[in-house]
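Student: Once you've had a glance at the structure underneath, I'll fire off some questions.
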Amino acid sequence: MSTDVAWRVVHVLLGLFFAVVVIQSNPGPLGWIAVVVVAVGLLAAWGVGVVRGRREPRP
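Numbering (my numbering), first residue to last: 1 to 59.
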């Protein structure tokens, strides 16, 4: 597993942990809105990394 993939996995796990903490502390709709925002941010970051990886050839 490359370092890039490992860091993405770590970021996703941290995002999931953050989502669980937010839902536990805010059981109402605010918690779910925060989770959706975090999920969209993680997906966007993953997509940017994938696109950047395709554009920049690896040595």
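All C-beta atoms in this analysis are idealised placements derived from N, C-alpha and C, irrespective of residue type, glycine included.
Spatial neighbours of SER25 within its chain, please: CB distance less than 8 Å, with the 5 preceding and 5 following residues excluded, ordered by chain position.
Tutor: GLY31
Student: Quick one: residues in its chain with C-beta nearer than 6 Å to the C-beta of ALA34, no 5 flanking neighbours on either side, listed in chain order?
Tutor: VAL22
Student: Restricting to runs no shorter than 4 residues, where is the alpha helix (DSSP H) found entirely within the segment 14–54?
Tutor: none
Student: CA-CA distance, PHE17 and HIS11?
Tutor: 10 Å
Student: Distance check for VAL20 and PRO27, CA to CA, integer angstroms please.
Tutor: 10 Å
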